[in-house]
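Engineer: First residue of the sequence shown? That's 86 in this note's numbering, and the numbers climb one at a time after it. Sending over a structure as structure tokens; questions will come in a sec.
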Amino acid sequence: MHKRGSCLLAGMLACVASGAAQANSPHSFSANVGLFSDYIYRGISQTDRGPAVQGGFDYAYDAGDVDAYLGVWGSNVEFGGGDDNSVELDVYGGLTGELLDSGVGWDLGGIYYIYPKDDNDLDFGEVYLGLDYTFQNAPLSPTLATYIYYSPDFSGNTGDAYYINPSLGLSLPHEFSLNLSYGYQDVDDIGNYSNWSVGVSRDISIFTLGLSYSDTFDNEDFCAGSSICDDTFVFSVSSSF
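In structure tokens form, the structure reads like this:
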């Protein structure tokens, strides 16, 4: 379950404009691909602690004050428990802009998560709103961002759900980036839990190398002692073009 947001926001690796767009054209296309030692979604492994190959395509339209985007993204998954679904596909779209020339970026959109081999109990949709602000003249150029997600019927037909996800991005010396993130997930028929992560990344040639650490807590309702909610390190290599 891919966290899709705007290319505006810090911490969104492998999200860049493509050279496929013509000069002065409002249309642009980009693609991304990555190899991850684990697929972590809101603190929980989606590959049963195994590696993941992920990739996607994005289209963006520069309309001036308000821009639009559409995209599709996919990953292998492994849920165990007799579930033979092995693929996740996410389809998303939204609008982005700046709030009253304040420097505050906004991102309003929706995403639908598809598991093709499942009987549709896992498929679900969310709408989201994101806000961010970068302190350009401050040391390390910190970017504060917050996303709020809402689903009227979360995965597994488990009722209303929301997820709150504030984050902080920092530009470190030697072209490193640092991202700190906290999340709170609440689902009507299951309960709630929290997760957090810290990650560092650096662009090297056409690749982005990343290393992150994540963990969950107060997760008894979701994890029931399963190791998929335990703390873990994730190494990644990704590229955009």
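For each residue, glycine too, the CB sits at the ideal point set by N, CA and C.
1. Which residue spans inside the region 189-266 form an unbroken beta strand (DSSP E) run of at least 3?
2. By DSSP, does Ser279 sit in helix, in strand, or in coil?
3. Measure the Cβ-Cβ separation of Val272 and Gly310 and say whether it is below 8 Å.
4. Are there any heavy atoms of the ligand ZN lying less than 7 Å away from the beta-carbon of Tyr144, as far as the coordinates show?
5. Would you give the residue range spanned by the alpha helix (DSSP H) that Phe307 belongs to?
6. Could you tell me whether the Cβ atoms of Asn161 and Ala137 are closer together than 8 Å?
7. Reducing DSSP to helix, strand and coil, say where Ser311 ends up.
8. Any contact of the region 218-230 with the region 184-195, i.e. 3+ C-beta pairs under 8 Å?
9. Can the beta-carbon of Leu225 be found less than 8 Å from the beta-carbon of Ser256?
10. Given a threshold of 16 other Cβ atoms within 10 Å of its Cβ, counted over all protein chains shown, does Asn242 qualify as buried or as exposed?
11. Just to confirm, is the Cβ distance from Val322 to Gly119 under 8 Å?
12. Distance, Cα to Cα, Tyr269 vs Ser110?
13. Which value, in whole angstroms, describes the spacing of the CA atoms of Phe320 and Phe292?
Structural biologist: Working from what's here:
1. 190-199, 209-219, 228-236 and 246-256
2. strand
3. no
4. Absent from the structure shown: the ligand ZN. Ligands present: none.
5. Glu305 to Cys308
6. yes
7. coil
8. yes
9. yes
10. exposed
11. yes
12. 40 Å
13. 13 Å
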